[in-house]
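**Q** Protein chains in written order, with our numbering: chain A, 5 to 172; chain B, 45 to 801; chain C, 912 to 1196. Just so you know, even glycine gets a beta-carbon here, dropped at the ideal spot from N, CA and C. For clarity, every value in this text was computed on a predicted model and none was experimentally measured.
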Amino acid sequence: MDMKEQAEVMTPPKMELSLTINGANYELQVPPTKRLVTILREELNFTGTKISCEVGRCGACAVQMNNQLVNSCLVMAYQANHASIITIEGLSGEELDPIQRVFLEEGGFQCGYCTPGMMMAVHALLATNQAPSEEQIQEALSGNLCRCTGYGGIIRAVQKAISNNNQK
Amino acid sequence: MPIQTSSLDKKKKIRPDGPGKVTGELKYLTDLSFPGMLYGKILRSTEPHAEIQSISTELAKQLPGVRAIVTYEDVPGLNGFGLIFPDQPVLCEDRVRYVGDAIAAVAADTIEIADEALQLIQVVYKKLPVIIEPEKALHPNAPKLHPDGNLLHRAHYSKGDVEKGFELCTHIVEGTYELPRQMHAYMETEGGVIVPEVDGNLTVYVGTQHGFKDRYQLARILNMNESDIRIVSSPMGGSFGGKDELNVQPYGALLALATNCPVKIHNTRRESVRAGLKRHPMKITMKTGVDDTGNIISHKVKIVADTGAYATLGPAVLDFAVEHAPGPYIIPNIEIEGVSVFTNNGVAGEFRGFGGNQVTFALEGQMDRLAERLQMDPIEFREKNLRQVNSPGPLGQKVAPTSGAKDVLEAIKQKLTNITNENDSLEKWKVTGTGVAISIHGGGLGAGRMDPAGGRLSFTSEGKIEVAFGFEECGQGLLAVIETLIMEEFHCMEDDIHIVIGDTDSVPVSGSSTASRATSMVWNSIQRMKDTFRSKILERATKVTGLPVEDLCMGPNGIWFKDDNLCITFVELAEKTLHEPFIKVETSFDFPTSPDAVVDGSHFLYAFSSVLAKVEVDLLTGKIKVLTLDQAIAAGPVVSLLGYQGQIEGGGIMALGYSLMEEAKMENGHYVNDNFDTYLIPTIQDVPFVMNVEAIEKLQDGDIYGPRGVGEIGTIAVAPAIVKAIHDATGCWISKLPVSREVLLEHLSSRGEKRWI
Amino acid sequence: MIRQGTTSLIDTCVWMPTSLEEAWDLKKKYGENAAFIAGGTLMQTHWAKGLNCPSHLISLDHMNEMKGWGEELVNGQTYTRLGAGITLDFCRQNKNLFHPLLVEAAKNIAAPAVRNRGTIGGNIANGFGDMIPALLAMDAFLTLYDGNSTHSLPLSDYIKTNNQSLIISVLVPEDQTKRFFYKKLCHREAFTPSVITVAGSFNLNEKRKLTAVRLALSGGSTHPQRLYESEQLLEGSTLTNNHLQKVYQVINEEFIPSTDPFSTATYKRLVASNWVVSEIARLAT
Ligand SMILES: Cc1cc2nc3c(=O)[nH]c(=O)nc-3n(C[C@H](O)[C@H](O)[C@H](O)COP(=O)(O)OP(=O)(O)OC[C@H]3O[C@@H](n4cnc5c(N)ncnc54)[C@H](O)[C@@H]3O)c2cc1C
Ligand code: FES
Ligand code: FES
């Protein structure tokens, strides 16, 4: 069932969800209130997207939806219908994305559990702002908690990504 | 022999598990799924203290999609677990002692069905009085939470005569310091999959910090042979001590055995908070006296720890706190008394720092207050009383000689002079201040505890140098440590190495990945195995190539002739010697302990830290912002630069949270904040944009123990440094964490009316 | 599917009406069993805390009236119209479109990923949002639909009752002359519920007297309030230290915050008084 332009119930229990993930199309039957994070992790096995608080408070589940950073635990299926989603699995092609590379080089992670979400947030920042200030970096990443690094390595990684950008 | 520190590049190398982590390809154990997998959920008590009058699972069993429900009746072996003694029921029968107590577990086709089933299980409780304060728990009339009463453990140490000592003092400072219940807040909550194998064995894919210990505990619960259980325990999305004890494993195992299907359990954050361990809340009273020249004469300490409902590592944490109560100072008269007390609060157990954080906060607080009384510079006062290279340990025991205490203090003094201590805030309502604190921290489990270590080196039929340790990768960077050390020792490449950890079926006994011991034990194991291993490989190479063994050495990708010519690759060597016996070198030994320790758990190897904090205090709100958090660490040679720096910075920020915002509050036995919306850990906006870590790598001549671990040391001296900086800025002494803005603001308001314009 | 709460979300229907009337009729039809939903960021956290999710969700996503922004002339005064469906991040990112006080308020809410989903309408309608004090300080109006008609109501009146109307848009007077401040106190630097949020604005006339003073406060569990008495006390006054001290005391008495497990009302009052007075002193001198 498509999204109807009129008051029509998306019949319980299922709707027909159509979305693009990392460029590929997916059609599936899900309850309209099923969370995107569950769809990604459990239905489609995109386990790179993590889950930690389930209330929008940690950023471990962050993905990009229509080029915007969102917490996939706070997006319900009906809200993602016809959307284009990029997950961590879609960040790199054949080669690592430059952001992934600087995270490796500068120790931007330890346990790595916050890392997919964190890198999606860095990606969202650098996509719109090539040379963010300290304050802008901090604001852009403020919704992504990391318990391991104390953020030192993450900050150095982002700074290196910026200076790499500038050298190009 | 100290490791070479020449090649900084290698030390800053990319971690072996890095690519999998940054691409999202690495499967954590909670990411796994298996065909036919069911989902498990655990019913936990709604009451902090109650008798269970009945448990009825009938309704829940009828729910379509429910495959099994287990209660205490279904535990085949011992219905209890606990790292020291098994006093925590796996599934409660007649009594619950905290809100994390498990009563039943359900396996169902989906999580939603399992959840619904939990709601259909009827438990009738008869409420019992809830004990929330350790002091009250010790009252003779208090209800007993365990057969032996409410005192879990008492630890004591004394030397000299403190009361006589106080008579000689010109200044005495007495204070009570209160420390909160902190959450580990690892980003990956507990979980994984438990898989029944066709041969009747069980494979447990659940993170832990000591696979063999889990295996031992599970075998006891399930009444199975240890050898029939396999624990796969890595990787983990953080642990910090919190996953050392069993968590979901017993329930997953019982359900998997009951259904003969793989069962996945992954705690939600709320479930994790409710059931999981926390850092011990402690109340520490210290009375410390000095003579008129600033020598510490007498030090009397009383520690009361709230250990919650069950023991887990509570006794050891208390022992550690008692041991570290004199810190790195030489004090002639000491009396330390610690008690760890059962209550109906959340269970407290192992947590990075292990009791050292609490007691160091109190001790360093005393030092700063005494310096103020003496009108002495706090660093000079510390210098005056500091341990020397050959001084005994805090409890008088023989320890490995070290100048660490002096070195870290010296280093931080340098940093302090580089930072101006004037009020450089441009804003009218803000003031700044600086503070310094130091710490000493023992590594290993300590005297009188079984603390075996070991490892294995082998040369595989694929031509890889296989390194195996029974340790786990919790994020701390153990894999990078192993890889770096092997590369340094054998001059080989990443590709030449195959690392095996975290799987009880294929690793040797190495002990736990706790107590800052893993790096140290990896280094020591390699030292013990390297020569034998190298000569075996070279002998074999000689056999194959016919070249004289003294001209051969191990190097990148294979065996090199006279250092400049790769004469046979490891792969060729393996291919050509397939028929030869397998090369395998193993070692096992015990973590070094003090030969004359009189107190259980006291240490032989210590690391030291010093912290410089600069804070800005907002006079209108009492809000504190940490502007600088620099640390100097003396823990022997750096093995992996990124790992080392990351441990210290990460530990530092965890402690910043402990100082300023983190408190798992309980009201009448229930958690008040049970997720990241109200339990706050530092965000990137809460940390200094730049932090400096100075590694003091020096060891004493003849020190054979190599690098000490740095997993905990970065968390220890942060809180007292921050609190001293607040005092420097405002004149207000804080003795309770997290620092209350209200208390601070009250103090600031008592200075009278403000000049608004 | 939200795992907590007693209703499993599997059974929830989502309606996608395209007109206000349709949305309203659905709500009337299902009553207590239905709720409007915009970004859903707040509602989902409520469900996670155990509140029941209603069995009918009426999405406001296709409500054209709630989209976009623009200028509107009402009774000779120009207003910026913000559709209720505008996301907080859109407000945060568009300094050129919206008053800096609104941009500042949006910046202080949650973090980018939440702001990308959460709407202005949802922030106001939930009664505790951090946009509210900023909008109160700006004398904002709401355009509401109550099933019969579309009408406007000052936000300062809206917050006094439990108004169930649909918020269509917010109208903010275009006034660049006023001096203003916005401050939010959290238990850490960012990304937390408010302990207390204060916003204020005033004009300074040529005699350096304060006019059109607006003071608004709220906080995590504290209802938004205008401090009318304190505003009165400041109105027409010239600032002296003594006068400010008096204002300080009046705020301390007039502001009624709640006590929660993490902060006392006494503390919140102290901070509120400190902040308002220090900000006015800063901006007026
Ligand atoms: C992690 C996190 C952090 C947050 N931090 C903050 C914060 O710092 N400050 C803050 O203020 N808020 C915060 N919030 C709460 C929330 O995100 C915001 O208030 C947001 O603006 C709500 O908008 P929404 O569209 O998501 O509302 P929804 O969740 O969709 O709705 C909220 C309520 O408003 C009603 N509603 C929505 N739109 C309308 C309308 N047009 N007319 C009538 N009723 C309507 C709904 O029925 C519901 O009752 C946070 C939320 C999360 C998840
Ligand atoms: S899991 Fe989605 S923000 Fe934490
Ligand atoms: S790397 Fe472990 S939480 Fe960030």
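1) Just to be sure I understand the criterion: a residue counts if its Cβ is closer than 6 Å to at least one heavy atom of ligand 2. Which residues meet that?
2) Can you list, in chain order, the residues of the region 32-53 of chain A whose Cβ is nearer than 8 Å to any Cβ on chain C?
3) What are the boundary residues of the alpha helix (DSSP H) that includes Ala146 (chain B)?
4) Cβ of Glu756 (chain B) within 7 Å of Cβ of Arg396 (chain B)?
5) By DSSP, does Lys65 (chain B) sit in helix, in strand, or in coil?
6) Which residues does DSSP list as the beta-bridge partners of Gln104 (chain A)?
7) For Ser96 (chain A), I'd like the list of residues in its chain whose CB is within less than 8 Å of its CB, leaving aside the five on either flank, ordered along the chain.
8) Quick one, are the C-beta atoms of Gly109 (chain B) and Asp153 (chain B) less than 7 Å apart?
9) For Glu711 (chain B), tell me which candidate among B:Gln261, B:Thr446, B:Val551, B:Gly390 has the shortest Cα-Cα distance.
10) Can you list, in chain order, the residues of its chain whose CB lies under 7 Å from that of Met1049 (chain C), leaving out five sequence neighbours each side?
11) Determine, using beta carbons only, whether Glu9 (chain A) comes closer than 7 Å to chain C.
12) When Cβ atoms are compared, which residues of the region 112-126 of chain A fall closer than 7 Å to chain B?
13) Taking its Cβ as the centre, do 16 or more other Cβ atoms sit within 10 Å of Gln410 (chain B), making it buried, or is it exposed?
14) Just checking: is the beta-carbon of Gln955 (chain C) within a distance shorter than 7 Å of some beta-carbon in chain A?
15) Looking at Arg1051 (chain C) and ligand 1, is the gap between the Cβ and the nearest heavy atom below 6 Å?
16) With 16 other CB atoms within 10 Å as the buried threshold, where does Ile1079 (chain C) fall?
17) Is there at least one non-hydrogen atom of ligand 1 closer than 6 Å to the beta-carbon of Asn148 (chain A)?
18) Any idea if Glu110 (chain A) is buried or exposed, counting beta-carbon neighbours within 10 angstroms, 16 or more meaning buried?
19) Put Ser930 (chain C) into one of helix, strand or coil per three-state DSSP.
20) Along chain A, which residues have their Cβ under 7 Å away from the Cβ of Phe1102 (chain C)?
21) Work out the CA separation of Val348 (chain B) and Glu416 (chain B) for me, nearest whole Å.
22) Using CA atoms only, rank isn't needed, just tell me which of C:Gly1147, C:Thr1149, C:Glu1165 is closest to Gln1136 (chain C).
23) Going by the CB atoms, is the gap between Ser502 (chain B) and Gly753 (chain B) shorter than 7 Å?
24) Output yes if chain A places a C-beta closer than 7 Å to the C-beta of Val683 (chain B); else output no.
25) When you compare each of C:Ser1174, C:His1134, C:Lys1179, C:Val1187 to Leu1155 (chain C) by their alpha carbons, which one comes out closest?
26) Which parts of the region 302-349 of chain B are runs of the beta strand (DSSP E), unbroken and 3 residues or longer, counting only runs that do not cross its ends?
27) Whole angstroms is fine: what's the gap from Glu932 (chain C)'s alpha carbon to Ser970 (chain C)'s?
28) When the Cα atoms are used, what is the spatial distance from Ile668 (chain B) to Gly147 (chain A)?
29) With three or more beta-carbon pairs closer than 8 Å as the criterion, would you say the region 113-127 of chain A touches the region 60-74 of chain B?
30) For chain B, find out if any of its Cβ atoms is closer than 7 Å to the Cβ of Thr153 (chain A); answer yes or no.
31) Write down every uninterrupted run of the beta strand (DSSP E) in the region 110-192 of chain B whose length is 3 residues or greater and which is fully enclosed by it, in chain order.
32) Give, in chain order, every residue of the region 1149-1161 of chain C whose Cβ lies closer than 7 Å to some Cβ of chain B.
33) Using alpha carbons as the reference points, say which of B:Ala562, B:Glu533, B:Phe626, B:Ala651 lies closest to Gly521 (chain B).
34) Assuming contact is defined by CB atoms lying nearer than 7 Å, are Glu381 (chain B) and Leu439 (chain B) in contact in what I supplied?
35) Relative to the alpha-carbon of Ile1167 (chain C), which residue among C:Gln1143, C:Leu1145, C:Ile1107, C:Phe1001 has its alpha-carbon at the smallest distance?
36) Does the Cβ-Cβ distance between Ser76 (chain A) and Leu40 (chain A) come in under 7 Å?
**A** Taking the coordinates as given:
1) This selection yields A:Ile55, A:Ser56, A:Cys57, A:Glu58, A:Gly60, A:Arg61, A:Cys62, A:Gly63, A:Ala64, A:Cys65, A:Asn75, A:Cys77.
2) For the region 32-53 of chain A, which is checked against every Cβ of chain C, the residues closer than 8 Å are Pro35, Pro36, Thr37, Lys38, Arg39, Thr42.
3) Premise fails: Ala146 (chain B) lies in the beta strand (DSSP E), 146-152, not in any alpha helix (DSSP H).
4) Yes, Cβ-Cβ distance for Glu756 (chain B) and Arg396 (chain B) is below 7 Å.
5) Lys65 (chain B): helix per DSSP, three-state reduction.
6) Within the DSSP secondary-structure output, Gln104 (chain A) pairs in no beta bridge.
7) The residues are Gln104.
8) With contacts defined by Cβ atoms closer than 7 Å, Gly109 (chain B) and Asp153 (chain B) form a contacting pair.
9) Nearest C-alpha to Glu711 (chain B): B:Gly390.
10) Excluding sequence neighbours, Met1049 (chain C) sits near His1010, Leu1012, Val1083, Pro1084, Ser1112.
11) Residue confidence for Glu9 (chain A) is low, a pLDDT of 40 falling below 50, so the modelled location carries little weight and cannot support an answer.
12) Taking 7 Å as the Cβ-Cβ cut-off against chain B, the residues of the region 112-126 of chain A that qualify are Phe113, Gln114, Cys115, Gly116, Tyr117, Cys118, Thr119, Pro120, Met123.
13) Residue burial annotation: Gln410 (chain B) is buried, with at least 16 other C-beta atoms found within 10 angstroms of its C-beta.
14) Yes, contact with chain A.
15) The amino acid at residue 1051 (chain C) is misidentified as Arg; the sequence shows Ala. Relative to the non-hydrogen atoms of ligand 1, the Cβ of Ala1051 (chain C) never comes closer than 6 Å to any of them.
16) Flag for Ile1079 (chain C) reads buried.
17) Not so, every heavy atom of ligand 1 lies at least 6 Å from the Cβ.
18) So Glu110 (chain A) counts as buried.
19) Coil, per DSSP.
20) Correct list: Ser146, Gly147.
21) Between Glu416 (chain B) and Val348 (chain B), the C-alpha separation is close to 27 Å.
22) Among C:Gly1147, C:Thr1149, C:Glu1165, the Cα nearest to that of Gln1136 (chain C) belongs to C:Glu1165.
23) It is not a contact, given that the beta carbons lie outside the stated cut-off.
24) For Val683 (chain B), no Cβ of chain A is located within less than 7 Å of the residue's own Cβ.
25) Ranking the options by Cα distance to Leu1155 (chain C), first place goes to C:Val1187.
26) Counting only runs of 3 or more, we get 307-310, 326-334.
27) Distance between the alpha carbons of Glu932 (chain C) and Ser970 (chain C): 13 Å.
28) Rounded to the nearest angstrom, the two C-alpha atoms are 20 Å apart.
29) Yes, they touch.
30) Closer than 7 Å to some Cβ of chain B, the Cβ of Thr153 (chain A) qualifies, so yes.
31) If we require 3 residues or more, the beta strand (DSSP E) runs fully inside the region 110-192 of chain B come out as 110-114, 146-152, 166-171.
32) Residues Leu1150, Asn1152, Leu1155, Gln1156.
33) Check the Cα spacing between Gly521 (chain B) and each of B:Ala562, B:Glu533, B:Phe626, B:Ala651: the tightest is with B:Ala562.
34) A distance of 7 Å or more separates the beta carbons of Glu381 (chain B) and Leu439 (chain B).
35) Cα-wise, what sits closest to Ile1167 (chain C) is C:Ile1107.
36) The answer is yes: Cβ separation under 7 Å.
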